[in-house]
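Residue numbers (my numbering), protein chains in the order written: chain C, 54 to 432; chain B, 267 to 408. Think of the CB as a built atom: it goes at the ideal place given N, C-alpha and C, for glycine as much as any other residue. Bear in mind the structure is a predicted one, so any value in this text is a computation, not a measurement.
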Amino acid sequence: MTDRIVIVGGGSGGTITANRLAEELEPEIEAGEVEITIVSDNPNHLYKPLYLYVPFGEATLEDTKRPLVDLVDRRVNLVFEHVTEIDTDGKQLAMANGEAMDYDYLVVATGAIPEPEETPGLGEDEPGHHFYGPDAATELREALANFDEGHLVLSVIGTPHVCPAAPVEFPMIADQWFRERGVREDIEITYTYPIQRLHGVRPTAEWMVPRFEERDIQTKTFFNVDNVEDGTIETLEGKELDFDMMIGVPEFTAASIIEEAGLGEEWMEVDRNTLESEHAEDVYGIGDVTNLPTSKAGSVAHYASGTLVSRLSSEVRGQTPTETFHGKTICFIEAGTEEGTFIEFAYDREPVVRDENRFLHWSKLGYNEAYWLTARGVM
Amino acid sequence: MSEDMSDLEAESEAIQDAADAMVELQQDGTLEDLTEAATAISLLADALDDEMVVEAAGLANELGLVAGSATQTNTIRTLATMMDAMDEADTFDDPEKVGMVGAARKLRDDDVKRGLGFLMNFLGALGRQIDRRADAYEQAEE
Numbered sequence: 054m055t056d057r058i059v060i061v062g063g064g065s066g067g068t069i070t071a072n073r074l075a076e077e078l079e080p081e082i083e084a085g086e087v088e089i090t091i092v093s094d095n096p097n098h099l100y101k102p103l104y105l106y107v108p109f110g111e112a113t114l115e116d117t118k119r120p121l122v123d124l125v126d127r128r129v130n131l132v133f134e135h136v137t138e139i140d141t142d143g144k145q146l147a148m149a150n151g152e153a154m155d156y157d158y159l160v161v162a163t164g165a166i167p168e169p170e171e172t173p174g175l176g177e178d179e180p181g182h183h184f185y186g187p188d189a190a191t192e193l194r195e196a197l198a199n200f201d202e203g204h205l206v207l208s209v210i211g212t213p214h215v216c217p218a219a220p221v222e223f224p225m226i227a228d229q230w231f232r233e234r235g236v237r238e239d240i241e242i243t244y245t246y247p248i249q250r251l252h253g254v255r256p257t258a259e260w261m262v263p264r265f266e267e268r269d270i271q272t273k274t275f276f277n278v279d280n281v282e283d284g285t286i287e288t289l290e291g292k293e294l295d296f297d298m299m300i301g302v303p304e305f306t307a308a309s310i311i312e313e314a315g316l317g318e319e320w321m322e323v324d325r326n327t328l329e330s331e332h333a334e335d336v337y338g339i340g341d342v343t344n345l346p347t348s349k350a351g352s353v354a355h356y357a358s359g360t361l362v363s364r365l366s367s368e369v370r371g372q373t374p375t376e377t378f379h380g381k382t383i384c385f386i387e388a389g390t391e392e393g394t395f396i397e398f399a400y401d402r403e404p405v406v407r408d409e410n411r412f413l414h415w416s417k418l419g420y421n422e423a424y425w426l427t428a429r430g431v432m
Numbered sequence: 267m268s269e270d271m272s273d274l275e276a277e278s279e280a281i282q283d284a285a286d287a288m289v290e291l292q293q294d295g296t297l298e299d300l301t302e303a304a305t306a307i308s309l310l311a312d313a314l315d316d317e318m319v320v321e322a323a324g325l326a327n328e329l330g331l332v333a334g335s336a337t338q339t340n341t342i343r344t345l346a347t348m349m350d351a352m353d354e355a356d357t358f359d360d361p362e363k364v365g366m367v368g369a370a371r372k373l374r375d376d377d378v379k380r381g382l383g384f385l386m387n388f389l390g391a392l393g394r395q396i397d398r399r400a401d402a403y404e405q406a407e408e
């Protein structure tokens with residue numbers, strides 16, 4: 054009898070997990086006892102952190118994607134279809150082409166989906182820009198290239214949001230980018246955040262304060278964007294802020310199949326140490342789709358996949374799973390165009406932000422190039 | 267006040283520990299080595315720019331992806347076997363020219379049959395891998 058492991062989602066969590074499972078369960082796969090399949094509605098694997106660089110001309114859309122088949126072990130089956138329903142009782146997926154797929158073990162890795170449309174006035178062809186998608190990032194690139202005076206506002210609208218560093222990096226990169234272009238004196242930059250400090254991660258917020266001050270980046274906290282009119286942001290608190298260019302970090306959501314399948318109300322509810330679903334047997338979650346009490350960052354999926362692979366492999370082999378995940382998270386933070394730093398933390402370890410330097414900036418640039426090794430399960 | 271005192275004490279202890287460590291490094295010569303190594307890092311910092319880092323990391327990435335495939339067990343064994351065979355074949359020592367008749371005669375050799383079996387197997391696997399990728403590339407470009 055063949056154990057069918059199905060992974061829904063071909064992003065970082067799904068791809069890394071599939072590759073590591075294929076390596077771990079190689080003997081069982083060769084013996085025909087295990088089959089691993091990724092079901093993805095995108096034949097390309099996207100490295101979304103690069104969208105931050107597209108508006109500044111530092112990356113192209115081609116840099117942000119590779120065919121999934123190039124990044125996946127040959128033993129992993131690929132099905133390019135959209136999953137429309139998860140039946141956890143019948144252990145079956147329904148797909149948009151009308152076909153069904155049975156599973157013995159399911160890994161849900163459907164990520165977090167940006168919802169700019171939830172904020173009136175934010176999105177393509179709207180007054181407010183964002184960079185959380187290829188078309189939006191391209192549109193913002195053109196707008197930024199033609200912006201040489203006025204008030205630029207970066208507003209974090211949704212929390213949690215993916216890639217916790219990006220909203221911090223954008224104004225710092227913009228500040229230095231405008232200086233290099235000789236127009237910074239004619240541009241005012243403001244950063245807004247919805248809670249009473251500059252970032253959800255307290256040490257990051259503390260790190261930001263002096264650095265935003267020395268870069269003359271204004272800040273507004275407890276600023277919850279309600280809608281974006283042409284030239285004015287209106288907030289739930291009744292405040293207004295005029296702008297000449299506005300970039301928003303939108304709301305994010307899990308795919309609707311998560312709630313419909315009873316796997317969670319907002320995000321997929323999993324045990325924070327075992328990654329097992331709180332609501333269904335033989336179902337695991339990984340990556341941004343989950344409600345893990347840490348940031349929605351690729352590194353979390355990377356580190357969590359080790360635990361998931363170990364536990365799932367143990368189950369397949371009829372052994373008691375023992376490995377547990379303790380929330381390891383690491384994020385690079387660009388502090389402009391020449392220096393960078395990183396933050397590292399776990400469930401039981403407070404974040405520490407180090408002073409920025411050139412080497413850490415280069416480390417981030419280097420990792421952007423070498424990310425595909427992580428996806429392939431090599432690094 | 268007592269909290270400030272205990273902070274000061276902790277800091278003072280940390281400074282003492284750091285000083286002790288520096289003395290040790292100085293006495294055993296490690297500090298001098300570290301200082302010399304630091305000048306090399308300084309050179310690296312001055313010589314590198316973003317473009318060089320991106321190029322080098324990009325190359326390492328592509329090589330790494332190939333190496334990742336190359337380290338699969340069967341691949342390593344097959345590559346090693348083929349390299350042994352290249353060495354045994356002694357290609358340049360009075361190389362034979364084999365025509366159609368000679369080839370037919372050689373096909374009666376059990377070792378040649380075994381090698382041909384591998385080649386046929388490999389061609390079948392190559393065809394399957396090409397099919398798998400060609401379909402996926404076509405969809406990726408849509």
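Practice item. Decide if PHE184/C is buried, meaning its Cβ has at least 16 other Cβ atoms within 10 Å, or exposed. Key: Counted from its first residue, the first sequence places residue 184/C at position 131. PHE184/C is buried by the Cβ-count criterion.
Review point. ILE310/C and VAL160/C: beta carbons closer than 8 Å?
Key: Residue 310/C sits at position 257 when you count from the first residue of the first sequence. Residue 160/C sits at position 107 when you count from the first residue of the first sequence. Between ILE310/C and VAL160/C, the C-beta gap is not smaller than 8 Å, which leaves the two residues out of contact.
Practice item. Give, in chain order, every unbroken run of the alpha helix (DSSP H) that is at least 4 residues long and sits entirely within the region 325-404 of chain C. Key: Correct list: 351-369.
**Study point:** PRO120/C: first and last residue of the uninterrupted beta strand (DSSP E) it sits in
**Key:** By 1-based counting over the first sequence, the position of residue 120/C is 67. Note, PRO120/C: beta strand (DSSP E), 118-120.
Point to revise | Distance between ARG268/C and ALA75/C (C-alpha atoms, nearest Å) | key: The residue you call residue 75/C lines up with position 22 of the first sequence. The residue you call residue 268/C lines up with position 215 of the first sequence. Taking the CA atoms as reference points, ALA75/C sits about 48 Å from ARG268/C.
Review point. Alpha carbon to alpha carbon, how far is TRP320/C from GLU88/C?
Key: In the first sequence, the residue the question calls residue 320/C occupies position 267. In the first sequence, the residue the question calls residue 88/C occupies position 35. Between TRP320/C and GLU88/C, the alpha-carbon positions lie close to 28 Å from each other.
Exercise for review: Examine the Cβ distances between the region 248-258 of chain C and the region 394-407 of chain C and report whether three or more of them are shorter than 8 Å.
Suggested key: By the Cβ rule, the region 248-258 of chain C counts as touching the region 394-407 of chain C, because three or more pairs are nearer than 8 Å.
Point to revise | For THR68/C and GLY383/B, the rounded distance between their alpha carbons | key: Here residue 383/B refers to the residue found at position 117 when the second sequence is read from its first residue. Here residue 68/C refers to the residue found at position 15 when the first sequence is read from its first residue. Their backbone Cα atoms lie some 34 Å apart in a straight line.
Review point. For LEU131/C, which of helix, strand or coil comes out of DSSP?
Key: The residue given as residue 131/C occupies position 78 in the first sequence. Looking at LEU131/C - three-state DSSP - the assignment turns out to be strand.
Exercise for review: Tell me whether the beta-carbon of ARG119/C lies closer than 8 Å to the beta-carbon of HIS98/C.
Suggested key: Numbered from 1 along the first sequence, position 66 holds the residue referred to as residue 119/C. Numbered from 1 along the first sequence, position 45 holds the residue referred to as residue 98/C. Contact check for ARG119/C against HIS98/C passes: the beta carbons are separated by less than 8 Å.
Review point. Nearest CA to the CA of GLU170/C: which residue from TYR244/C, PHE305/C and ASP201/C?
Key: Here residue 170/C is taken as the residue at index 117 of the first sequence, counted from 1. Nearest C-alpha to GLU170/C: PHE305/C.
Exercise for review: Give me whichever residues DSSP pairs with TYR158/C in a beta bridge.
Suggested key: Numbered from 1 along the first sequence, position 105 holds the residue referred to as residue 158/C. Answer is ILE58/C, bridged to TYR158/C.
Check your understanding: Beta-carbon of MET225/C versus every beta-carbon of chain B: anything under 8 Å?
Key -> Residue numbering aside, residue 225/C sits at position 172 when the first sequence is read from its first letter. Residue contact with chain B for MET225/C: absent (no Cβ-Cβ distance below 8 Å to any residue of chain B).
Exercise for review: Note down, in chain order, every chain B residue with its Cβ under 7 Å from the Cβ of PRO96/C.
Suggested key: Reading the first sequence from its first residue, position 43 is the one you call residue 96/C. Near PRO96/C (Cβ distances below 7 Å), the residues of chain B are ALA402, GLN405 and ALA406.
Practice item. Quick one: measure Cβ to Cβ for GLY299/C and SER208/C, integer angstroms, because I've assumed they're closer than 8 Å. Key: Translated into positions along the first sequence, residue 299/C becomes position 246. Translated into positions along the first sequence, residue 208/C becomes position 155. One detail in the question is off: residue 299/C reads as Met in this sequence, not Gly. Indeed, because the Cβ distance is near 7 Å, the residues count as touching under 8 Å.
Review point. Can at least three beta-carbon pairs, one atom from the region 222-235 of chain C and one from the region 365-376 of chain C, be found at a separation below 8 Å?
Key: No, they do not touch.
Exercise for review: Taking LEU418/C as the query, report the chain B residues whose CB atoms sit under 9 Å from its CB, ordered along the chain.
Suggested key: Locating residue 418/C in the first sequence gives position 365, where the first residue counts as 1. Per Cβ cutoff of 9 Å: ASP316, VAL319, VAL320 and ALA323.
**Study point:** DSSP three-state assignment for THR141/C, whether helix, strand or coil
**Key:** As a position in the first sequence, residue 141/C is number 88, starting the count at 1. In this structure, THR141/C counts as coil in the three-state DSSP scheme.
Practice item. State yes or no: is the beta carbon of LEU331/B nearer than 8 Å to at least one beta carbon in chain C? Key: As a first step, residue 331/B must be located in the second sequence, where it is residue number 65. At least one CB of chain C lies nearer than 8 Å to the CB of LEU331/B.
Exercise for review: Identify, in the order they occur along the chain, each residue of the same chain with its Cβ nearer than 7 Å to the Cβ of GLU86/C, setting aside the five sequence neighbours on each side.
Suggested key: Taking the first residue of the first sequence as position 1, residue 86/C is located at position 33. In the same chain as GLU86/C, and ignoring 5 residues on each side of it, the C-beta atoms closer than 7 Å to its own belong to THR55 and ASP56, in chain order.
Practice item. Out of THR343/C, GLY301/C and GLY393/C, state which residue places its alpha-carbon closest to the alpha-carbon of GLY380/C. Key: Taking the first sequence and counting its residues from 1, the one referred to as residue 380/C is at position 327. Checked all of THR343/C, GLY301/C and GLY393/C; the closest Cα to GLY380/C is THR343/C.
Point to revise | Euclidean distance between Cα positions of PHE296/C and ALA280/B | key: Within the first sequence, residue 296/C is the residue found at index 243, counting from 1. Within the second sequence, residue 280/B is the residue found at index 14, counting from 1. Spanning the two alpha carbons is a distance of roughly 49 Å.
Review point. Can the beta-carbon of LEU103/C be found less than 8 Å from the beta-carbon of ASN421/C?
Key: The residue labelled residue 103/C in the question sits at position 50 within the first sequence. The residue labelled residue 421/C in the question sits at position 368 within the first sequence. Going by C-beta atoms, LEU103/C is nearer than 8 Å to ASN421/C.
Exercise for review: Output the distance between the C-alpha atoms of GLU368/C and LEU373/B, rounded to the nearest integer angstrom.
Suggested key: Your numbering for residue 368/C matches position 315 in the first sequence. Your numbering for residue 373/B matches position 107 in the second sequence. As the crow flies, the alpha-carbon of GLU368/C is around 49 Å from that of LEU373/B.
Exercise for review: Using a Cβ cut-off of 8 Å (strictly closer), state whether PHE133/C contacts chain B.
Suggested key: Counting from one through the first sequence, the residue named residue 133/C turns up at place 80. It does; some Cβ of chain B falls within 8 Å.
Practice item. Would you check if the region 235-244 of chain C and the region 193-204 of chain C touch, i.e. whether three or more CB-CB distances between them fall below 8 Å? Key: Segment contact: the region 193-204 of chain C against the region 235-244 of chain C, three or more CB-CB distances shorter than 8 Å; contact assigned.
Exercise for review: Could you have a look at ILE248/C and say whether DSSP puts it in helix, strand or coil?
Suggested key: On the first sequence, residue 248/C is found 195 positions in, with the first residue counted as 1. Looking at ILE248/C - three-state DSSP - the assignment turns out to be coil, as it is neither helix nor strand.
Check your understanding: Cβ of ASN95/C within 8 Å of Cβ of GLY63/C?
Key -> As a position in the first sequence, residue 95/C is number 42, starting the count at 1. As a position in the first sequence, residue 63/C is number 10, starting the count at 1. Contact flag set, yes.
Check your understanding: Cα separation between ALA287/C and ILE270/C?
Key -> Counting from one through the first sequence, the residue named residue 287/C turns up at place 234. Counting from one through the first sequence, the residue named residue 270/C turns up at place 217. Residue 287/C is actually Glu in this sequence, not Ala. Here the alpha carbon of GLU287/C sits roughly 20 Å from the alpha carbon of ILE270/C.
Review point. Who pairs with THR288/C in a beta bridge, going by DSSP?
Key: The residue you call residue 288/C lines up with position 235 of the first sequence. Beta-bridge pairing links THR288/C to VAL278/C.
Check your understanding: Under the rule that 16 or more other beta-carbon atoms within 10 Å means buried, what is LEU105/C, buried or exposed?
Key -> Here residue 105/C is taken as the residue at index 52 of the first sequence, counted from 1. With 16 or more Cβ atoms within 10 Å of its Cβ, LEU105/C is classed as buried.
Check your understanding: Alpha carbon to alpha carbon, what distance is there between ASP316/B and ALA306/B?
Key -> Within the second sequence, residue 306/B is the residue found at index 40, counting from 1. Within the second sequence, residue 316/B is the residue found at index 50, counting from 1. ALA306/B and ASP316/B: Cα-Cα distance of roughly 18 Å.
Review point. In whole angstroms, what separates the C-alpha of THR301/B from that of LEU310/B?
Key: Indexing the second sequence from 1 puts residue 301/B at position 35. Indexing the second sequence from 1 puts residue 310/B at position 44. For the pair THR301/B and LEU310/B, the Cα-to-Cα distance works out to about 14 Å.
Point to revise | First through last residue of the alpha helix (DSSP H) which encompasses ASN150/C | key: Residue 150/C sits at position 97 when you count from the first residue of the first sequence. No alpha helix (DSSP H) contains ASN150/C, which DSSP labels as neither H nor E.
Review point. Do you know offhand how far LEU389/B's Cα is from ASP157/C's?
Key: Within the second sequence, numbered from 1, the residue matching residue 389/B stands at position 123. Within the first sequence, numbered from 1, the residue matching residue 157/C stands at position 104. Note on geometry: alpha-carbon atoms of LEU389/B and ASP157/C lie some 34 Å from one another.
Review point. Interface residues of chain E around ALA326/B at Cβ under 9 Å?
Key: Given the protein chain composition of this structure (C and B), no chain E is represented.
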